[in-house]
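Taking our numbering, the leading residue of the sequence shown gets 3, the next gets one more, and so forth.
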Amino acid sequence: MRASGLTGKKVITTPFSYVATVSALLWEGCTPVFADIDEETLCLDPHAVSEKITPDVAGVLPVHIYGNACDVDTFGALAKDAHLTLIYDGAQCFGSAYKGKSVLDYGDYAACSFHATKIFHTVEGGGVVAHSPEAMKALTLLRAFGHRGDTHYRLGINAKLSELHAAMGLSLLGGVESRIAAYAKVRAAYDALLPPHGLRRLVLREGLKYNQAYYPVIFDDEKTLLRAMERLNAENIFPRRYFYPALNTLPYLKETQTCPVAESISRRVLCLPLYPRLEDANVERIADIVKSCLS
Ligand SMILES: Cc1ncc(COP(=O)(O)O)c(C=O)c1O
3 MRASGLTGKK
13 VITTPFSYVA
23 TVSALLWEGC
33 TPVFADIDEE
43 TLCLDPHAVS
53 EKITPDVAGV
63 LPVHIYGNAC
73 DVDTFGALAK
83 DAHLTLIYDG
93 AQCFGSAYKG
103 KSVLDYGDYA
113 ACSFHATKIF
123 HTVEGGGVVA
133 HSPEAMKALT
143 LLRAFGHRGD
153 THYRLGINAK
163 LSELHAAMGL
173 SLLGGVESRI
183 AAYAKVRAAY
193 DALLPPHGLR
203 RLVLREGLKY
213 NQAYYPVIFD
223 DEKTLLRAME
233 RLNAENIFPR
243 RYFYPALNTL
253 PYLKETQTCP
263 VAESISRRVL
273 CLPLYPRLED
283 ANVERIADIV
293 KSCLS
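Okay, here's the thing in structure tokens:
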């Protein structure tokens, strides 16, 4: 936000994400303007965004949610026409590719998380993809005290990735493809075991090579979701309410904005356990419990 000059400005974003998307905006003194999401891909809907553009909006912050790709072509055109800075939150999309290039390659900037829960990680940390030498310079200075040698260019802090964290990342990088394949195997097992009705799945964008990192299921209503959580928890199985609540309803926002699709989805969506060594027998147990909750 700061490198791109969006500090203190109005930025349109999605209500369906991890809280960090909105925290980043608020932390930089930006005003989040929420537009609703697409019911199927669960990404920010560009048509909803275009309705929210006013002369004082300076940027758009869509999220490649669950590693799915946003409608990058429409967002690219929209940002260009309206002279908006386009920053993607690509925290979850490492390993996903769209139209032959990394999903992180789209937009003016894309930020990726290397947190330990991600398909590739450095325990904690992350990276930013930028596309101009000026942007690179700003980012490099911001993360390293704002100076090079004895020349001080701007205010900066210590946001460097430590050598230890980098070593962790290097040790995992070569294994990313086999990790993705292992995730894909578990996802395919869920697909085969869970019924198509009563439980909607994420619709991946056509042309996406998916990083397989999440298995969200959308129940018909919140009551069924809570029943499934209760039965899974009783068996020591802990799925996550990714992402609940809808971020436009955060209690510390100054203004109330409504986003009916995101609010409804976030009440009904659950991410089932997914990790490379999740055994077939446990996938079956989880699927059986979820099925037992559907009417
Ligand atoms: C969509 C999204 N944005 C931002 C973040 C924050 O990433 P980090 O924990 O690396 O700061 C996450 C983390 O899970 C995320 O899922």
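Ideal placement from N, C-alpha and C gives every residue a C-beta, glycine not left out. If you're wondering where the values come from, they're calculated on a predicted model, not measured in any experiment.
| query | By the 10 Å Cβ neighbour count, where 16 or more other Cβ atoms means buried, how is G92 classified, buried or exposed? | reply | The sequence position of residue 92 within the sequence shown is 90, counting from 1. Answer is buried; the Cβ neighbour count reaches 16.
| Neighbourhood of Y192 by C-beta distance below 7 Å, restricted to the same chain and skipping five residues each side | Your numbering for residue 192 matches position 190 in the sequence shown. Y217, L274, V285 and A289, listed in sequence order.
| Given G69, which residues of its chain have a CB within under 6 Å of its CB, disregarding the five upstream and five downstream residues? | For the purposes of this step, residue 69 is identified with residue 67 of the sequence shown, where counting begins at 1. So the list reads Q94, C95, S98, N213 and A215, once near-sequence residues are dropped.
| query | What's the gap between the Cα of C45 and the Cα of A71? | reply | The residue given as residue 45 occupies position 43 in the sequence shown. The residue given as residue 71 occupies position 69 in the sequence shown. Whole-angstrom Cα-Cα distance: 8 Å.
| query | Using a threshold of 7 Å, is the CB atom of G128 nearer than that to any non-hydrogen atom of ligand 1? | reply | Translated into positions along the sequence shown, residue 128 becomes position 126. For ligand 1, at least one heavy atom lies less than 7 Å from the Cβ of G128.
| query | Alpha carbon to alpha carbon, how far is I291 from P262? | reply | By 1-based counting over the sequence shown, the position of residue 291 is 289. By 1-based counting over the sequence shown, the position of residue 262 is 260. Their backbone Cα atoms lie some 29 Å apart in a straight line.
| V105 versus K12: straight-line alpha-carbon distance, rounded | By 1-based counting over the sequence shown, the position of residue 105 is 103. By 1-based counting over the sequence shown, the position of residue 12 is 10. C-alpha separation (whole angstroms): 25 Å.
| message | With the cut-off set at 8 Å, would you say I89 and V59 are in Cβ contact? | response | For this step, residue 89 is matched to residue 87 along the sequence shown. For this step, residue 59 is matched to residue 57 along the sequence shown. In this structure, I89 keeps its C-beta atom at 8 Å or more from the C-beta atom of V59.
| message | Quick check: the Cα distance between L276 and Y185, rounded to an integer number of angstroms? | response | Here the question's residue 276 lines up with position 274 in the sequence shown. Here the question's residue 185 lines up with position 183 in the sequence shown. Spanning the two alpha carbons is a distance of roughly 7 Å.
| message | Using only the alpha-carbon positions, how far apart do L8 and A84 sit? | response | Locating residue 8 in the sequence shown gives position 6, where the first residue counts as 1. Locating residue 84 in the sequence shown gives position 82, where the first residue counts as 1. About 15 Å.
| Straight-line gap, L148 to S19 (C-alpha atoms, nearest Å) | As a working mapping, residue 148 is identified with position 146 in the sequence shown. As a working mapping, residue 19 is identified with position 17 in the sequence shown. The question names Leu, yet the displayed sequence has Gly at residue 148. Near 31 Å, if we compare the C-alpha coordinates of S19 and G148.
| field | Cut-off 6 Å between Cβ atoms - residues of its own chain near R189, not counting five sequence neighbours on either side | value | As a first step, residue 189 must be located in the sequence shown, where it is residue number 187. Q214 and Y217, listed in sequence order.
| Quick one: is I159 buried, meaning 16 or more other Cβ sit within 10 Å of its Cβ, or exposed? | On the sequence shown, residue 159 is found 157 positions in, with the first residue counted as 1. The residue is exposed, with fewer than 16 neighbouring Cβ atoms inside 10 Å.
| task | Less than 8 Å between the CB atoms is what I'm expecting for I121 and V178, so what's the real figure, rounded? | result | As a first step, residue 121 is located in the sequence shown; it is residue number 119 there, counting from the start. As a first step, residue 178 is located in the sequence shown; it is residue number 176 there, counting from the start. Contact flag correct, Cβ pair sits at about 7 Å.
| Proximity to T87 [Cα-Cα], best of Y246, G102, G109 and K101 | Counted from its first residue, the sequence shown places residue 87 at position 85. Answer by Cα proximity: G109.
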